[in-house]
Amino acid sequence: EDGSAAWLRYAPVSGAQYQRLPSKIVVTGDSLVEKTAGEELRRGLSSMLGRPFTVSAGAVGRASGGAIVISRSASSDGVDRYRITSSSGGVSIEGDTVQAEMYGVFHLLEEVGIERAIPSREVQSASSPIRWSDEWDNMNGTIERGYAGPSIFFESGHVRADLTKAAAYARILASVGINGCNVNNVNADLDLLTTEHIREFARLADAFRPWGVKLALSVDLTAPQTVGGLATFDPLDPLVIAWWKAKVDELYAAIPDLGGFTVKADSEGRKGPSQYGRAPADAANMLARALAPHHGVVLYRGFVYNNHLDWRDPKADRARAGVDNFSKFDGQFDGNVIIQIKEGPIDFQAREPVSPLFAALHHTNVAIELQTAQEYTGQQRHMVWLPSMWKWVLDTDMRADDRHTPVKEIVTGRSFPLADGRPRPGGFISVTNVGMEENWLHHPMAMANLYGFGKLAWNPDEPLAEIIDGWTRLTWGNDPKVDGVIDALQLGSWQVYEGYTGPNGMGTLTNILGYHFGPGIESAERNGWGQWFRGEKDGIGMDRTAAGSGYLQQYPKALAEHYESLATCPDELLLFFHHVPYDYRLHSGKTLIQSIYDTHYAAAREAGMYGARWDTLKGRVDDERFAQVSRLFAFQAGHAIVWRDAIDDWFHRISGIADAAGRVGHHPGRIEAEAMTATGYVSQDVTPWETASGGKAMV
Ligand code: BDP
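Residue numbering for the sequence shown follows full-length UniProt numbering, beginning at 23 and increasing consecutively.
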């Protein structure tokens, strides 16, 4: 097994309970998506149950007995909702939309795959309309923050000739309810919107369409200049407005069901409306008005900040940027604009508090951006199951207007509904960055993140234990021993990673100016990028209280007070909000410094045991994936030690406080390369010293 089937392996299942399932599948609709759904059900059931199933077209009434009938319900409010009912006579899968018919099919297949009973009656509906995957692919075939090979969409400046893998990906997305895929980097190619490329994108949309996955594109606001040859890209200029309108019409002529645009502007060197003294709302609405007649949407990213901050200024704080830049425009965005907000105020660290921007926009549509690509969390060389983190984020009650407003209800549009009481359109985005490697994300455990994303986007209340168990059974089989081991490893993995990288809300403590992979502590400080944690001789942490940057005051009062008071601020976020001395006593009773040492040792030890636990499954899972995971767990065990020692050594040196357990500084069980005889190599000091053990490398 090479992992290419992800969780859609359709491996044979046992169970007499499925004997009575009729072998006849009837599809009553004739749309492409419905036909695809029928064929998927045939394929899946035949493969899992080991007997032939057939698909035919038919009318609803006629086919009720002795068949599995896939049909569309009469009434629809546009919500992706399905109903599965079964009786001795047959099974009915009824969707309120054609996509929902397909989601019902995938649900039934999943129930069989995990050996659960066919529901006698079950109704499910999507939490919100936006459930997208964003891919940061460049047209030259590279992927920004992609860790599993080159692009499945692009090659040498064009859409690939062979889109087999793109179509297979759309199927995987659809199977967990994802209904949109933005295929190109938010740092968009400047020539993206040429007529030649648009023709090519139409082929991509064709590959996605059978699965009900809409194609979306990231656009650069300078396109009227770079592609259109205009002198300006000012969003209020009539020529610019007309250019976008014509371009959007051209796109929809080629791709009638295009989802819309994602926009990164005024951020990390991308140009934006600020160049002309215009607001984000001016740019977003200009695009939205071009898209509206075609029912397209604009996902305008809230990731706007100044990366030339003055680190000497105690008031300078990148975390403030979201609210500072967007809250004043609340209510000014058109109905088909959605502000896409990263889950935390900085950038996908191992742990951050929830972005206060979620609570600051009461009259604006919002979506949450999560990152399945493990940019700061081990880049698919470490196993880190991120839904644990996402659920913690989604469940955080922001106490906006001093009432219950958890993030999940804000992003599904329920906390601040439209004037008529309907939920605002909003939802969930995963930055996924799959690549050409057979198993999509490199680590055989990593697709659990995409699966979990889809499940939480569909229903943010689904319990984590249920999500991971579904993934494990479908991906690795129904052997209870296998499932018990994998579920437990995945469920604990985020806290383990956080523990040997940056606990207590410090941030990932990686080289933020480079690859975001190994330890690189001081590289985060004293530069304009604002990912500081202010590790000094006297103590550590960013003071974001009223006396510091004032960031905390951006939260609704109750939450601000909760974090502002040291008595209530949780240990896991302490250093994000407060600057405290190293001998500060945590709620856990330990001093901060001892807790840092202990957490790194405990977590690295935990990661070091993954391999032994995995070994107990030898022979119970296929050899190919078994070997891949073994290799990666061995790497993770070693890299966790590198992290542990780099960080503990650094804290030891800066604080001057010894480890009560006497470990830090000694590296028990480790042999430094410079202590060996290596012909042809010399040892050399490394800067910054903490990135190499003993501060030395062999070159
Ligand atoms: C950061 C990435 C960078 C992205 C940026 C973004 O390091 O490559 O371009 O986010 O989201 O996490 O725009």
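Heads up, the beta-carbon is just placed ideally off N, CA and C, and yes, glycines get one too.
DSSP bridge partner residues for residue i (one or two, in chain order)
| i | result |
| --- | --- |
| Trp-154 | Gly-202 and Ile-451 |
| Phe-176 | Val-181 |
| Asp-228 | Its beta-bridge partners do not exist; DSSP assigns none. |
| Thr-532 | Pro-541 |
| Ile-47 | Val-77 and Ile-90 |
| Val-602 | Ile-562 |
Euclidean distance between Cα positions of residue i and residue j
| i | j | result |
| --- | --- | --- |
| Ala-28 | Ala-568 | 48 Å |
| Ile-136 | Ser-68 | 15 Å |
| Leu-513 | Ala-190 | 28 Å |
| Gln-575 | Ala-343 | 13 Å |
| Gln-41 | Arg-73 | 10 Å |
| Thr-523 | Thr-254 | 45 Å |
| Thr-709 | Glu-558 | 18 Å |
| Pro-141 | Asp-213 | 50 Å |
| Trp-480 | Ile-152 | 10 Å |
| Ile-534 | Asn-549 | 10 Å |
| Leu-595 | His-601 | 11 Å |
| Glu-62 | Val-127 | 8 Å |
| Arg-446 | Met-469 | 30 Å |
| Ala-714 | Thr-119 | 56 Å |
| Phe-230 | Phe-555 | 43 Å |
| Ile-309 | Pro-278 | Sequence inspection shows Leu at residue 309; the Ile mentioned does not correspond to that position. Looking at the two C-alpha atoms, the distance is approximately 17 Å. |
| Ile-363 | Phe-355 | 15 Å |
| Gln-247 | Ile-194 | 37 Å |
| Pro-375 | Phe-598 | 8 Å |
| Leu-130 | His-689 | 52 Å |
| Gly-529 | Trp-672 | 15 Å |
| Tyr-632 | Ala-719 | 28 Å |
| Tyr-703 | Glu-694 | 14 Å |
| Gln-650 | Gly-25 | 10 Å |
| Thr-590 | Leu-581 | 10 Å |
Boundaries of the beta strand (DSSP E) in which residue i is found, first to last residue
| i | result |
| --- | --- |
| Asn-387 | 387 to 393 |
| Gly-60 | Premise fails: Gly-60 lies in the alpha helix (DSSP H), 54 to 71, not in any beta strand (DSSP E). |
| Ala-79 | 76 to 79 |
| Ala-189 | Looking at the DSSP string, Ala-189 is not in any beta strand (DSSP E); the run it does join, the alpha helix (DSSP H), is 186 to 197. |
| Met-720 | 718 to 720 |
| Val-241 | 236 to 241 |
| Tyr-322 | 319 to 323 |
| Glu-144 | 143 to 147 |
| Gly-344 | Gly-344 -> not in any beta strand (DSSP E); alpha helix (DSSP H) instead, spanning 343 to 348. |
Segment limits, alpha helix (DSSP H) that includes residue i
| i | result |
| --- | --- |
| Met-124 | 120 to 135 |
| Leu-478 | 469 to 480 |
| Met-411 | 409 to 417 |
| Ile-508 | 502 to 522 |
| Asp-670 | 645 to 677 |
| Gln-433 | According to the sequence shown, residue 433 is Val rather than Gln. 429 to 433 is the extent of the alpha helix (DSSP H) around Val-433. |
| Arg-627 | 614 to 637 |
| Glu-488 | 486 to 498 |
| Gln-247 | 245 to 248 |
| Ile-263 | 260 to 276 |
| Lys-579 | 579 to 586 |
Pick from the options that is closest to residue i, judged by C-alpha positions
| i | options | result |
| --- | --- | --- |
| Val-55 | Ser-197, Thr-164 and Asp-159 | Ser-197 |
| Leu-463 | Ser-109, Gly-171, Arg-94 and Gly-60 | Gly-171 |
| Val-359 | Arg-323, Ile-194, Ser-545 and Ile-47 | Arg-323 |
| Gly-353 | Lys-364, Tyr-703, His-384 and Asp-346 | His-384 |
| Val-415 | Phe-438, Thr-386, Gln-371 and Gly-443 | Gln-371 |
Cβ pair residue i, residue j closer than 8 Å
| i | j | result |
| --- | --- | --- |
| Pro-541 | Trp-665 | yes |
| Asn-207 | Trp-154 | no |
| Val-721 | Gln-706 | yes |
| Ser-150 | Val-433 | yes |
| Leu-511 | Met-405 | yes |
| Leu-614 | Tyr-606 | yes |
| Gln-553 | Asp-369 | yes |
| Ala-389 | Val-453 | no |
| Asn-500 | Val-145 | no |
| Ala-422 | Pro-302 | no |
| Asp-304 | Leu-239 | no |
| Val-205 | Val-241 | no |
| Asp-102 | Ala-148 | yes |
| Asp-670 | Ile-451 | no |
| Met-124 | Gly-291 | no |
Residue i beta carbon near the ligand HEM (any heavy atom closer than 7 Å)
| i | result |
| --- | --- |
| Glu-694 | The ligand HEM is not among the ligands present in this structure, which contains only the ligand BDP. |
8 Å Cβ cutoff, residue i in contact with chain C
| i | result |
| --- | --- |
| Tyr-398 | Absent from the structure is chain C; it holds one protein chain and no more. |
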